[in-house]
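K.L.:
Structure in structure tokens, see below.
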Amino acid sequence: MKFSDLGLSDELSRAVADLGYTSPTPIQEKSIPVVLMGRDILGSAQTGTGKTASFTLPMIDILASGRAKARLPRSLILAPTRELAAQVAESFEKFSSYHKLSMALLIGGVSFTDQNTALSKGVDVLIATPGRLLDHFERGKVLLNDVKILVIDEADRMLDMGFIPDVERIAGLLPRMRQTLFFSATLSDDIQKLGAKFVMNPKIIEVAPPASTADTVAQHLIWTDVKKKRQVLRDILRHESVKNAVIFCNRKRDIAELIKSLTRHGFSAVALHGDMTQSARLEALQRFKDGDVPLMIASDVAARGLDIAGLSHVFNFDVPSHAEDYVHRIGRTGRAGNSGRAFTIAASKDDVKY
Numbered sequence: 001m002k003f004s005d006l007g008l009s010d011e012l013s014r015a016v017a018d019l020g021y022t023s024p025t026p027i028q029e030k031s032i033p034v035v036l037m038g039r040d041i042l043g044s045a046q047t048g049t050g051k052t053a054s055f056t057l058p059m060i061d062i063l064a065s066g067r068a069k070a071r072l073p074r075s076l077i078l079a080p081t082r083e084l085a086a087q088v089a090e091s092f093e094k095f096s097s098y099h100k101l102s103m104a105l106l107i108g109g110v111s112f113t114d115q116n117t118a119l120s121k122g123v124d125v126l127i128a129t130p131g132r133l134l135d136h137f138e139r140g141k142v143l144l145n146d147v148k149i150l151v152i153d154e155a156d157r158m159l160d161m162g163f164i165p166d167v168e169r170i171a172g173l174l175p176r177m178r179q180t181l182f183f184s185a186t187l188s189d190d191i192q193k194l195g196a197k198f199v200m201n202p203k204i205i206e207v208a209p210p211a212s213t214a215d216t217v218a219q220h221l222i223w224t225d226v227k228k229k230r231q232v233l234r235d236i237l238r239h240e241s242v243k244n245a246v247i248f249c250n251r252k253r254d255i256a257e258l259i260k261s262l263t264r265h266g267f268s269a270v271a272l273h274g275d276m277t278q279s280a281r282l283e284a285l286q287r288f289k290d291g292d293v294p295l296m297i298a299s300d301v302a303a304r305g306l307d308i309a310g311l312s313h314v315f316n317f318d319v320p321s322h323a324e325d326y327v328h329r330i331g332r333t334g335r336a337g338n339s340g341r342a343f344t345i346a347a348s349k350d351d352v353k354y
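Residue numbers (the working numbering): 1 to 354.
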């Protein structure tokens, strides 16, 4: 099947082809026609399945006709983290080369004044984290009564991070007659009950069972004493053909300590965690993407929206607390048909039941 078979315009199909994409992924094949029909979606997709394009592509065609008014965005995408919001913005930018759509990205750590300027000109696509959007709304800088499409992305992470009250408040400010696309990594009973608050007669779309991992990732579990974890990590890094790797820690202070340790032993690494400024995070991420630094030490929240092409390895220096976090972590590698390797370094106190 081709993208043009899904009902996308010739211009958008050409933009997709220009980027080297030849056929849609399962989530795109199932979601794009439904979005173009104007129907609500309650969707679940494994990481690395092309979920973001499954809503950005049809939205570009839907929004191609019409014009945004000052401070009245025509569509709204809510994401839990700055990185994920930025990833969605990148998706719109790369696919809308033949469309003249305006876009604003409302995230923390970036100039409030610049964001306000973009809103004042009118935007077709508004991408935001809940807190920053409400900051602008409470200052009278954005009105939400002209939103035709609402996307709630990574709803399970929104729930984990305590953002749902903000999301509910935002949804209450939107027109009741709208299209809502609700996406989560899993569709547990709790998530489906949550989704029911936002969608009407949705098409339920699942392309992978909950808490499943990609077949393209070779997974390894290594037991060691807690005091030897750094040595074990260094040994693996030296003996594996590590092109680039994300190393996950559960606590921000452990990230700093691990970077110091790796640096002392001749490794080059950057950090990515929630306490960094947005400019520092973007700089670290760019250095990593450009290949200037082969290792990134990250927290779960900061890395949730990461999309690193050709990532060869993922390391769990700390065992994640939840199975879903494990799936998201190792889902950074083995994407788009490529193979990847994931190593979990566990001490006796760690719970690795999943």
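Every residue, glycine too, gets a C-beta built ideally from N, C-alpha and C.
Given a cut-off of 8 Å, decide if F182 and G195 are closer than it, judged by their beta-carbon atoms.
P.N.:
Yes.
K.L.:
With DSSP collapsed to three states, give me the class of F267.
P.N.:
F267 falls in the coil class under three-state DSSP.
K.L.:
Label A79 either buried or exposed according to how many other C-beta atoms from any shown protein chain fall within 10 Å of its C-beta, with 16 as the threshold for buried.
P.N.:
Under this definition A79 is a buried residue.
K.L.:
Note down, one range per segment and in chain order, each alpha helix (DSSP H) of at least 4 residues found wholly within the segment 7-42.
P.N.:
Correct list: 10-18, 26-36.
K.L.:
Mapping DSSP to helix, strand and coil, what is P210?
P.N.:
Residue confidence is low: P210 scores 42 on pLDDT, short of 50, so the model does not pin down where it sits. Its coordinate-derived value is still stated next. The answer is coil: DSSP assigns P210 none of H, G, I, E or B.
K.L.:
Are the CB atoms of L76 and G122 nearer to each other than 8 Å?
P.N.:
No, these two residues do not count as a Cβ contact at 8 Å.
K.L.:
Less than 8 Å between the C-beta atoms of F55 and V35, yes or no?
P.N.:
For F55 and V35, yes; Cβs fall inside 8 Å.
K.L.:
Let me know if Q28 comes out buried or exposed under the rule of 16 or more other beta-carbons within 10 Å of its beta-carbon.
P.N.:
Per the 10 Å Cβ criterion, buried.
K.L.:
Should the segment 106-121 be called in touch with the segment 144-164, which here means at least 3 C-beta pairs below 8 Å?
P.N.:
No: the two stretches stay apart, fewer than three of their Cβ pairs being nearer than 8 Å.
K.L.:
Tell me G340's beta-bridge partners as DSSP assigns them.
P.N.:
DSSP, once it has assigned bridges, lists V217 as partnering G340.
K.L.:
In chain order, what are the residue ranges of uninterrupted alpha helix (DSSP H) at least 4 long that sit wholly in the segment 75-106?
P.N.:
Runs of the alpha helix (DSSP H) inside the segment 75-106: 82-95.
K.L.:
By the 10 Å Cβ neighbour count, where 16 or more other Cβ atoms means buried, how is R341 classified, buried or exposed?
P.N.:
Burial call: buried.
K.L.:
Mapping DSSP to helix, strand and coil, what is S68?
P.N.:
A quick correction: the sequence has Ala, not Ser, at residue 68. Coil, per DSSP.
K.L.:
Just the Cα atoms here: how many angstroms apart are P210 and S44?
P.N.:
Note that P210 scores 42 on pLDDT, short of 50, meaning its location in the model is unreliable; the coordinates nonetheless yield the value given after this. Rounded to the nearest angstrom, the two C-alpha atoms are 8 Å apart.
K.L.:
According to DSSP, simplified to helix, strand and coil, what is V293?
P.N.:
Residue state, collapsed to three classes: coil.
K.L.:
With DSSP as the reference, label L272 as helix, strand or coil.
P.N.:
Three-state DSSP puts L272 in a strand.
K.L.:
Could you have a look at S4 and say whether DSSP puts it in helix, strand or coil?
P.N.:
Three-state DSSP puts S4 in a helix.
K.L.:
Out of G274, L258, K193, which one is the CA nearest neighbour of F267?
P.N.:
Of G274, L258, K193, the residue nearest in Cα terms is L258.
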